[in-house]
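Numbered continuously in my numbering, the sequence shown closes out at residue 1794.
Just so you know, even glycine gets a beta-carbon here, dropped at the ideal spot from N, CA and C.
For clarity, every value in this text was computed on a predicted model and none was experimentally measured.
What follows is one structure encoded as structure tokens, with my remarks underneath.
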Amino acid sequence: MASQKQISSALVSVYAKEGLLAVVEKLHDLGITIYSTGGTWKFIHENGIPVKSVEDLTSYPSILGGRVKTLHPKVFGGILARRTNQDDLAQLADYKIPQIDLVIVDLYPFEDTVRSGAPDQEIIEKIDIGGISLIRAAAKNYEDVLVVASRDSYGSLLSILESGNGKTSLEERREFATMAFNVSSHYDSEIFKYFDGDRKSALKVSEKKSAKLRYGENPHQEGIFYGNLDELFEQIHGKEISYNNLLDIDAAVGLINEFEETTFAILKHNNACGLASRDILVDAWNAALAGDPVSAFGGVLISNRPIDMETAREMNKIFFEVVIAPGYEEGALEELKQKKNRIILKQKEHRMSGRIIRTILNGVILQERDLSTETEAGMKTVTTRGISSEEMADLIFANKIVKHTKSNAIVLARGKQLIASGVGQTSRVDALKQSIEKAGQFEFDLEGAVMASDAFFPFADSVEIAGKAGIIAVVQPGGSVRDQESVDYCNEHGMAMVFTGVRHFKH
């Protein structure tokens, strides 16, 4: 077939040497001439494999402290020459330039160097010039040249070399070229982001890995996840994670990160329908479930403590889609694995992105993640009635939950248990009425409970409704021109109110 190309010579220039030996041994076994330079040439030579130096090919040494090694017409001419173009081939002959059919590169670790906190000059020196140029040249000429742009592709390369006996197909070369441009574009994006710093003059989002999901939010929509979930979780059991699962998992992780005490949360459609903090995990689970045992069906469960056997037995009494925890006791894991499709995730230590990006209209919007978590020190009592330590603990607890609840949002809590919430309503009064109705549905007495609001009360009507239902303390951002009306109602009816000064809209 015309698309089949025999590899006769290869250029190898890599930073990291892991996995390289098997590749160059295979190239040698196939009779392929190997060119290399610098540390790569030394590595190949010391392993007893014949290798020619790029310096001998170009008649120029590596100069400028290694900044210029492969940037030469005798290298790039051999890569870029079109094998079906007679003028190109004539020029190769005139200038004694060998054809190079395979280019193997592993770039300087720019991202890792930035992440390490290295000084600026060290980071600058990790901007690969020759390597990135080799990748682009070989990928551009994929009709004749196979390019391997990362050591992550060594396994695939070895398979091709083995199965094709040194020959490659056009489809294989184009696929490797696609992967190469993925590597090079990501590399350049990271360099730009480093130079741009906090200016945010342009948006460069680059994720090298993708996973096709079963579908999107609905079966008629395509869904793809870009990123590397393995950095965050180990999937121990269950079916493939879906688009909607991912949304709930993201919401669950953000919520549970607010709590240091032993806490269990149950989420449905990105909102908490049950959450409680207790000294013992099984008690936290039972209290969280009691908040809304109906909505818990098919939900996403998350704990900030390893799941023990007693808790697993109680959890297994209901149907749920996903469970997330930092660990599982052996017996507990076997208990939870009884449902073959149940997704069981072990959460790893990993810092979530500090920004949120959404597509809108013909562009995107970006904002910082809401990382403000109010403590007692940040809460200002604005009523004549003071706040007990138990009430303050509940106000802080409720305020953490309302921060992660769809606006307009109201959260009712008592004894570090989510009693009910009003979620995603077009008015704050409706959100409050929804939460009161739900609390009654599950026979919760609201006497002595507290209320958290994600934004200020424009009128005193919400406070009045809450007071008549038994609410004794309220936390809200404040900031309405009619704040005093709400404060006055509280003072007249023995309620307490604190302002945080921080709004937590979530749309």
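How big is the Cα-Cα spacing for residue i and residue j?
{"i": "V1392", "j": "G1352", "result": "19 Å"}
{"i": "G1665", "j": "T1787", "result": "6 Å"}
{"i": "H1332", "j": "P1385", "result": "21 Å"}
{"i": "S1471", "j": "I1419", "result": "6 Å"}
{"i": "K1356", "j": "E1449", "result": "31 Å"}
{"i": "A1577", "j": "G1561", "result": "7 Å"}
{"i": "D1407", "j": "K1491", "result": "21 Å"}
{"i": "R1790", "j": "Q1625", "result": "43 Å"}
{"i": "H1691", "j": "A1685", "result": "10 Å"}
{"i": "N1573", "j": "K1499", "result": "36 Å"}
{"i": "L1653", "j": "K1793", "result": "14 Å"}
{"i": "V1651", "j": "S1488", "result": "13 Å"}
{"i": "L1796", "j": "Y1347", "result": "Past the boundaries of the shown model lies residue 1796; the chain is included only from 1288 to 1794, so the question cannot be answered."}
{"i": "T1320", "j": "I1478", "result": "34 Å"}
{"i": "S1300", "j": "S1323", "result": "6 Å"}
{"i": "K1667", "j": "V1785", "result": "5 Å"}
{"i": "M1288", "j": "I1647", "result": "Low local confidence applies: a pLDDT of 45 at M1288 is under 50, so the model's placement there is unreliable, and no value is given."}
{"i": "K1555", "j": "K1720", "result": "20 Å"}
{"i": "S1564", "j": "G1754", "result": "25 Å"}
{"i": "G1585", "j": "A1599", "result": "16 Å"}
{"i": "L1314", "j": "S1290", "result": "21 Å"}
{"i": "V1710", "j": "I1723", "result": "12 Å"}
{"i": "F1606", "j": "V1716", "result": "33 Å"}
{"i": "Q1712", "j": "A1718", "result": "5 Å"}
For residue i, which option in the options has the closest C-alpha, if you only look at C-alpha atoms?
{"i": "Y1429", "options": "E1449, G1418 and R1369", "result": "R1369"}
{"i": "V1750", "options": "E1772, V1768, E1730 and E1734", "result": "E1772"}
{"i": "S1295", "options": "I1331, L1389, A1599 and L1379", "result": "L1389"}
{"i": "V1401", "options": "N1778, K1480, S1767 and K1703", "result": "K1480"}
{"i": "P1745", "options": "I1536, G1727, S1714 and S1767", "result": "S1767"}
{"i": "N1515", "options": "E1494, H1507 and Y1502", "result": "E1494"}
{"i": "Y1513", "options": "N1778, S1497, L1298 and G1503", "result": "S1497"}
{"i": "G1673", "options": "L1376, G1525 and N1778", "result": "N1778"}
{"i": "P1593", "options": "F1607, E1601 and I1611", "result": "I1611"}
{"i": "I1567", "options": "H1359, A1303, F1551 and H1556", "result": "F1551"}
{"i": "G1559", "options": "V1587, N1573 and E1678", "result": "The amino acid at residue 1559 is misidentified as Gly; the sequence shows Ala. If we check each option's Cα against that of A1559, V1587 comes out closest."}
{"i": "A1436", "options": "D1415, K1454, D1732 and E1663", "result": "D1415"}
{"i": "G1525", "options": "M1782, L1623, I1759 and S1722", "result": "L1623"}
{"i": "K1604", "options": "L1317, D1431 and P1580", "result": "P1580"}
{"i": "F1520", "options": "Q1763, F1606, D1485 and L1533", "result": "L1533"}
{"i": "L1457", "options": "S1476, D1570, V1432 and D1595", "result": "V1432"}
{"i": "E1734", "options": "H1359, G1781 and V1362", "result": "G1781"}
{"i": "R1764", "options": "Y1322, T1646, F1731 and V1669", "result": "Note on identity: in this sequence residue 1764 is Pro, with Arg being the wrong assignment. The residue with the shortest Cα to Cα distance from P1764 is V1669."}
{"i": "E1459", "options": "Q1293, A1571, E1608 and L1542", "result": "Q1293"}
{"i": "K1627", "options": "G1618, I1644, M1679 and V1609", "result": "V1609"}
{"i": "E1616", "options": "F1606, F1607, E1597 and E1601", "result": "E1597"}
{"i": "G1614", "options": "D1375, R1600 and D1595", "result": "D1595"}
{"i": "G1757", "options": "R1769, D1770, D1775 and A1726", "result": "A1726"}
{"i": "A1680", "options": "P1396, T1660 and R1701", "result": "R1701"}
{"i": "G1541", "options": "V1434, D1657 and A1464", "result": "D1657"}
{"i": "A1619", "options": "T1662, I1523, S1714 and D1537", "result": "I1523"}
{"i": "I1706", "options": "I1553, F1482, Y1502 and A1747", "result": "I1553"}
Sort out for me which residues DSSP pairs residue i with in a bridge.
{"i": "E1521", "result": "K1633"}
{"i": "Q1704", "result": "A1563"}
{"i": "Y1322", "result": "L1298 and K1339"}
{"i": "S1497", "result": "Y1513"}
{"i": "G1260", "result": "Because the chain in this structure spans residues 1288 to 1794, residue 1260 falls outside the shown range and cannot be described."}
{"i": "Q1293", "result": "K1454"}
{"i": "I1350", "result": "V1355"}
{"i": "F1551", "result": "A1563 and S1590"}
{"i": "G1709", "result": "I1697"}
{"i": "L1433", "result": "L1389"}
{"i": "N1558", "result": "K1555"}
Counting only C-beta atoms, is residue i closer than 8 Å to chain D at any point?
{"i": "L1444", "result": "The structure shown contains no chain D; it holds only a single protein chain."}
**Study point:** Sufficient close CB pairs (3 or more, under 8 Å) joining the stretch 1690 to 1701 to the stretch 1738 to 1745
**Key:** The stretch 1690 to 1701, when compared against the stretch 1738 to 1745, does touch it at the 8 Å Cβ threshold.
Check your understanding: Looking at C-beta atoms only, is the number of pairs between the stretch 1418 to 1426 and the stretch 1325 to 1344 that lie closer than 8 Å three or more?
Key -> Cβ pair count under 8 Å is below three, so no.
Practice item. Could you name each continuous alpha helix (DSSP H) segment of 4 residues or more that falls completely within the stretch 1572 to 1631, going from the start of the chain to the end? Key: Whole alpha helix (DSSP H) segments, 4+ residues: 1596 to 1602 and 1617 to 1623.
Review point. On the three-pair Cβ rule with 8 Å, is the stretch 1430 to 1445 touching the stretch 1373 to 1383?
Key: Three or more Cβ pairs closer than 8 Å define a contact, and the stretch 1430 to 1445 falls short of that threshold against the stretch 1373 to 1383.
Review point. Quick one: complete beta strand (DSSP E) runs, 3+ long, within the stretch 1639 to 1681?
Key: Unbroken beta strand (DSSP E) runs of no fewer than 3 residues, entirely contained in the stretch 1639 to 1681, are found at 1642 to 1647 and 1650 to 1655, following chain order.
Point to revise | Complete alpha helix (DSSP H) runs within the stretch 1721 to 1787 (minimum length 4 residues, chain order) | key: Complete alpha helix (DSSP H) runs here, min 4: 1748 to 1756 and 1770 to 1779.
Practice item. Answer yes if the stretch 1528 to 1535 comes into contact with the stretch 1637 to 1649, meaning at least three C-beta pairs across the two stretches below 8 Å, and no otherwise. Key: Segments in contact, no.
Check your understanding: So does the stretch 1299 to 1306 actually touch the stretch 1319 to 1328, counting three or more Cβ pairs closer than 8 Å?
Key -> Three or more beta-carbon pairs separated by less than 8 Å link the stretch 1299 to 1306 to the stretch 1319 to 1328, which places the two stretches in contact.
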